[in-house]
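Sequences listed follow chains A and B, in order. Note that our numbering has the first sequence beginning at 11, numbered continuously upward. Note that our numbering has the second sequence beginning at 571, numbered continuously upward. We put the CB at the ideal spot given by N, CA and C, even for glycine.
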Amino acid sequence: MTPLSACNFGPEVTANVSSLTACATALRGQLEADEVRFEADESETNTFYLLFCAALVFLMQAGFALLSAGSVRMRSVKNILLKSVMDACFGGLVWYLIGFGFAYDKSEDGNAFIGGSGHNFALSGADDTTGKKDYGHDAVFFFFQYCFAAAAATITSGAVAERCTLVGYCAYVFAIVGFVYPTVVHWVWDEHGFLSAFNKDAMLTGMVDFAGSGVVHMTGGICAFTGAFIIRPRKGRFGELPEHAFAGQSASLQVLGTFLLWFGWYGFNPGSTLALHNYARDAARAAVTTTLSAATAATTGILLKRFAPGSCGGSPGVWDLGHTCNSLLGGLVSITAGCTTVEIWASVVIGFIGAFFYHGASCLMRRLKIDDPLDAFAVHGACGLWGCLAVGFFCTCDYSYTESGTACGVFYGGDGLLLATQIVGTVFITLWVGALSAILFSGLMAGGLLRISKEVEDAGLDNSKHGGAAYPDIATAIEEATERITPKRITSATDAAGA
Amino acid sequence: MGDIGAEFAAFKSDMQKKDQALDAFYLLVCGTFVFFMQCGFALLEAGTVRSKNTKNILLKNLLDACLGAIIWWAWGMGAAYGESGESDGNVFIGTAPDGGGPFLAAGWAEVGFDPANGKVLALWFFQYVFAATAATIVSGAVCERATIGAYIAYTCFITGLIYPVVVHWVWCDNGFLSGAFTQDKDKTVLGGCLDFAGSGVVHLTGGVAALCGAIFIGPRIGRFDDAGQPVPMPGQSTPFQVLGTFILWMGWYGFNPGSTLGITPAGYGTIMARAAMCTTLSAAVGGITVVGFGRIFSKTYDVGMMCNGILAGLVSITAGCACMLPWAAFLTGFIGAFVYYGASKLMLKLQIDDPLDAFAVHGACGFWGVLAVGVFGHPDYVSFGWNGENGDVAGEAHTGFLYGGSTLFAAQLVALIIEFAWVGCTSSILFFTLKMTGVLRVSEQTERNGMDPSKHGGSAYN
Chain A
11 MTPLSACNFG
21 PEVTANVSSL
31 TACATALRGQ
41 LEADEVRFEA
51 DESETNTFYL
61 LFCAALVFLM
71 QAGFALLSAG
81 SVRMRSVKNI
91 LLKSVMDACF
101 GGLVWYLIGF
111 GFAYDKSEDG
121 NAFIGGSGHN
131 FALSGADDTT
141 GKKDYGHDAV
151 FFFFQYCFAA
161 AAATITSGAV
171 AERCTLVGYC
181 AYVFAIVGFV
191 YPTVVHWVWD
201 EHGFLSAFNK
211 DAMLTGMVDF
221 AGSGVVHMTG
231 GICAFTGAFI
241 IRPRKGRFGE
251 LPEHAFAGQS
261 ASLQVLGTFL
271 LWFGWYGFNP
281 GSTLALHNYA
291 RDAARAAVTT
301 TLSAATAATT
311 GILLKRFAPG
321 SCGGSPGVWD
331 LGHTCNSLLG
341 GLVSITAGCT
351 TVEIWASVVI
361 GFIGAFFYHG
371 ASCLMRRLKI
381 DDPLDAFAVH
391 GACGLWGCLA
401 VGFFCTCDYS
411 YTESGTACGV
421 FYGGDGLLLA
431 TQIVGTVFIT
441 LWVGALSAIL
451 FSGLMAGGLL
461 RISKEVEDAG
471 LDNSKHGGAA
481 YPDIATAIEE
491 ATERITPKRI
501 TSATDAAGA
Chain B
571 MGDIGAEFAA
581 FKSDMQKKDQ
591 ALDAFYLLVC
601 GTFVFFMQCG
611 FALLEAGTVR
621 SKNTKNILLK
631 NLLDACLGAI
641 IWWAWGMGAA
651 YGESGESDGN
661 VFIGTAPDGG
671 GPFLAAGWAE
681 VGFDPANGKV
691 LALWFFQYVF
701 AATAATIVSG
711 AVCERATIGA
721 YIAYTCFITG
731 LIYPVVVHWV
741 WCDNGFLSGA
751 FTQDKDKTVL
761 GGCLDFAGSG
771 VVHLTGGVAA
781 LCGAIFIGPR
791 IGRFDDAGQP
801 VPMPGQSTPF
811 QVLGTFILWM
821 GWYGFNPGST
831 LGITPAGYGT
841 IMARAAMCTT
851 LSAAVGGITV
861 VGFGRIFSKT
871 YDVGMMCNGI
881 LAGLVSITAG
891 CACMLPWAAF
901 LTGFIGAFVY
911 YGASKLMLKL
921 QIDDPLDAFA
931 VHGACGFWGV
941 LAVGVFGHPD
951 YVSFGWNGEN
961 GDVAGEAHTG
971 FLYGGSTLFA
981 AQLVALIIEF
991 AWVGCTSSIL
1001 FFTLKMTGVL
1011 RVSEQTERNG
1021 MDPSKHGGSA
1031 YN
């Protein structure tokens, strides 16, 4: 390559055709080198971007752990925290070994139903070379998808909290992360999936579910529903014991958890662009829509609970913190499918309606006497469904990304095909996840592997299985106070004689 | 040979797009960190109140983040930045350009692919999290006795009017107090003030509104005995206070460095890094000074006070983190600690009950923070924050007092007085109205029982 000094026209280098040509050649060479460097820059920045967003999504594990810890009774705190930790760890292994491979295969002619080429099992197909095309993309993509899978798995734990065995828990994490969830991911997010917006030959228009209202939240939420239904309520939940006996042990932890989840959602939604360059606009839009949907849902939720009559699930006179937190999360779930494809004002409407979906579903669960301690189905299942449907109404033509041709929402002149696809997609997800989780949980229940025994439930999971209370000082104080006010029970003849 | 000229042009255009994408990402990262401060403040407040009011204060923190977002979208961003970019905008408040502009994000429907607009959205997000910070400060001064209705009212008023107007004055290119953005210096007062990340705009605003709230709402029952002496009311959880403080500190690394509003222009990396370094030093010194000073005078190592000392240091450096030398940041935090300590004791002396010391930390130290720029603003660095027409850079008079400048200090002081007057008057009217309509404070019974059982369905802890 001729050095750029070839362009130094002066006393030594006179401008003639041959020297000008040499200069032009030098310039071209320099430009090509710059372009190569520029592409490398972009690739490396894209990797960093996804890494940062994935770290935020990972922090949502902490958020959900604390939300769960705050929502259960004091006797089960260690248990639910352990399950949260295990879900991140065991789920990580399962996702690495089989889940990621079922979700995304790298072959040219992939299966429409499930990743079958085996390229990504145990990350065998990961490209770690420093050749031009990768810059860590495969590895960071795996990490990002792992964080999503862990999120889907942890949703279910909230619905079966306080009465699920560890064995049962491991079984469902394995099933969900290893099979149920990755197939759904493959359908909607892999370019070969039959529901995928990235597939030219997809069913109808291909489903638009940007960050996973359907893929992640409906999957988790429906699993939560079947789990809560089959495992049956906590002892005394509907009848013998009053409502407030099941109040969460710490509202502070609930709020901390909620804020951490909201914070992490700024990785969940914007990060789903999967790259920064050429997508910064979409990522920024996602941050704004995510904010407004959460804000509107929470504001709507608190007013709904306060002013709705008791017959419609309201608590007149009460500003309900727990309900507000869950409405907020419902708003986040509702915008997840359409965060980049709707206009800003639409995210306010989506959050508003999401609050009603949450409230309605929560009431329904109580009416059906299904005990869901974290309201996991109402927040993730019901609002996940709304999130998918909302896209069918509010997706603008400019922001739509379906490969088979621009599919617009009904309010933007669309012919309804996108809405139909969203409906069809949610039906597929519901039936698939519902059926498989029902089989799984029924099998576990029949084998006596799902629910803890009555004795353990009475004594409390922490005391029975985890070596003692989560708050030993408080437990001791309660014990001492109880002993003082409760007369000693006579348990045997010897005692009676002695007393 | 091909068209090299066209190729260069295309390359340059690609570079510009890349730069804009990176700037948008930078704003998103920093904005997310500032958003996390909502969580930090929630925990700090929860830890500082008594457990019977836990749910109440947490709910207020959630509502402030949520209501603030809606108001900022509908109205606040517009009132702050309405005609930004136009030379004939109003100097007092943002107005709506054709198409609506930032109001309801109406003017932001992008046609075609223009990555520049990603930055507009990212800027909205960044400014929203700042607005939420300003509003939430007030809750600390009126906690444990303010009604939810009053809270909703003042959040709307602060985020919708009081705060965005101050933002417009100091951070918009039409504002009459903006040293950094208003090009036509004739429109400004003394050339405008320099408030990099908002000691004045955010913290003084929040702190003065907090002071007004605390004065009008009156002390908590039993806070001052008959002799006027304060009765201790310890918070329910020191771990929450410390966790909250650390989260706030961490969030400040988005608050201060992120106020460069970009990373790609030449030299911005250095400014960002300087901001991070100064922030660190001021926070550290603030904390150590308060705990040390407290140990000398009250014989205890007071954790809660140290937390506030850290925050005092952070607030103090917020205005000048980009334009001081590190040793100056050290002094800023050191002096800020005394400003905080003095203000805190003064409030007790005046029998004003401010449970989180919101005025002392944010109001008083915010005031000092803006003045500190006038003292320590370094000639080489002040020019980043001071923009004149025709490349007119900050003259010698427009540097810190220690470097021979005078105008800058005067401009800072005048700006502070105007901000103080604006916030003081508007929030006084607000709180006075709420008080007169009986909406401001809960009943005595509710206050004694605690807000959680009375208003939120039960205790926070079961």
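Close beta carbons around residue i, own chain, < 8 Å, minus the five adjacent residues each side
i: D795 of chain B; result: V801
i: G125 of chain A; result: G111, F112, A113, Y114, D115, P192, H196, D200
i: T496 of chain A; result: none
i: P809 of chain B; result: G617
Where residue i falls: helix, strand or coil (DSSP)
i: C174 of chain A; result: strand
i: M217 of chain A; result: strand
i: C393 of chain A; result: helix
i: G682 of chain B; result: Because the pLDDT of G682 of chain B is 37, which lies under 50, any placement of that residue in the model is unreliable, and the question is left without a value.
i: R620 of chain B; result: coil
i: A898 of chain B; result: helix
i: P734 of chain B; result: helix
i: Y554 of chain A; result: No information on residue 554 of chain A is available, as it lies outside the stretch 11 to 509 that chain A covers here.
i: S748 of chain B; result: strand
i: F511 of chain A; result: Past the edges of chain A, shown from 11 to 509, lies residue 511 of chain A, and the structure says nothing about it.
i: P800 of chain B; result: strand
i: S357 of chain A; result: helix
i: R248 of chain A; result: Residue identity differs from the one stated: residue 248 of chain A is Phe in this sequence, not Arg. Here F248 of chain A sits in coil by DSSP.
i: A491 of chain A; result: helix
i: C891 of chain B; result: coil
i: S886 of chain B; result: helix
i: F766 of chain B; result: coil
i: Y1031 of chain B; result: strand
i: F62 of chain A; result: helix
Interface residues of chain A facing residue i [CB-CB closer than 7 Å]
i: E577 of chain B; result: L41
Beta-carbon proximity list for residue i, same chain, < 6 Å, skipping 5 on both sides
i: S127 of chain A; result: D115, S117
i: W645 of chain B; result: G730
i: W275 of chain A; result: T300, L342
i: A711 of chain B; result: A780, G783, A784, D924, A928
i: A185 of chain A; result: L450
i: A650 of chain B; result: G664, P734, V737, H738
Residue i: contacting residues in chain B (beta-carbon distance under 8 Å)
i: D44 of chain A; result: F581
i: S325 of chain A; result: G1027
i: P383 of chain A; result: Simply none; closest approach about 13 Å.
i: L302 of chain A; result: A639, I640, W643
Close-in-space but distant-in-sequence residues of the same chain around residue i (CB under 7 Å, 5 per side omitted)
i: G1020 of chain B; result: K622, N623
i: P280 of chain A; result: C63, A293, A296, A297
i: M917 of chain B; result: D924, F929, A930
Closer than 8 Å at the beta carbon, the chain A residues around residue i
i: N623 of chain B; result: The premise fails here: N623 of chain B is roughly 11 Å from chain A at the closest Cβ pair, so nothing lies under 8 Å.
i: T830 of chain B; result: By Cβ distance, chain A contributes nothing, its closest Cβ being about 17 Å from T830 of chain B, past 8 Å.
Cross-chain neighbours of residue i in chain B, by beta carbon under 7 Å
i: S262 of chain A; result: A616, T624, L628, F810, A1030
9 Å Cβ cut-off: residues of chain A touching residue i
i: G688 of chain B; result: Y289, A290, R291, D292, A293, A294, R295
Residues that residue i contacts on chain B, provided the C-beta gap is smaller than 9 Å
i: L339 of chain A; result: Correct list: empty, because the minimum Cβ distance to chain B is about 11 Å.
Is there contact here, the segment 833 to 846 of chain B with the segment 601 to 614 of chain B, by at least three beta-carbon pairs under 8 Å? no
Contact the segment 342 to 361 of chain A vs the segment 385 to 396 of chain A: 3+ CB pairs below 8 Å: yes
On the three-pair Cβ rule with 8 Å, is the segment 260 to 270 of chain A touching the segment 284 to 294 of chain A? no
Scan the segment 901 to 974 of chain B and note each continuous alpha helix (DSSP H) run of 4 residues or more that stays entirely inside, going in chain order. 935 to 946, 949 to 952
Unbroken stretches of the alpha helix (DSSP H), 4 residues or longer, contained in the segment 660 to 718 of chain B: 686 to 712
Ignoring anything shorter than 3 residues or poking outside the segment 153 to 212 of chain A, list the beta strand (DSSP E) runs there in chain order. none
Assess, as a yes-or-no matter, whether the segment 246 to 263 of chain A is touched by the segment 417 to 428 of chain A under the definition of 3 or more beta carbon pairs within less than 8 Å. no
What ranges does the alpha helix (DSSP H) occupy inside the segment 322 to 388 of chain A, keeping only unbroken runs of at least 4 residues that lie completely in it? 331 to 346, 354 to 377
Three-pair Cβ contact test at 8 Å for the segment 820 to 830 of chain B versus the segment 846 to 861 of chain B: yes
For the 8 Å Cβ check, are there 3 or more pairs between the segment 977 to 984 of chain B and the segment 993 to 1013 of chain B? no
Check whether the segment 878 to 888 of chain B touches the segment 899 to 913 of chain B, counting contact only when three or more Cβ pairs, one atom from each stretch, lie closer than 8 Å. yes
Quick check: the segment 222 to 233 of chain A against the segment 443 to 455 of chain A, are at least 3 beta-carbon pairs closer than 8 Å? yes
Assess, as a yes-or-no matter, whether the segment 862 to 879 of chain B is touched by the segment 625 to 633 of chain B under the definition of 3 or more beta carbon pairs within less than 8 Å. no
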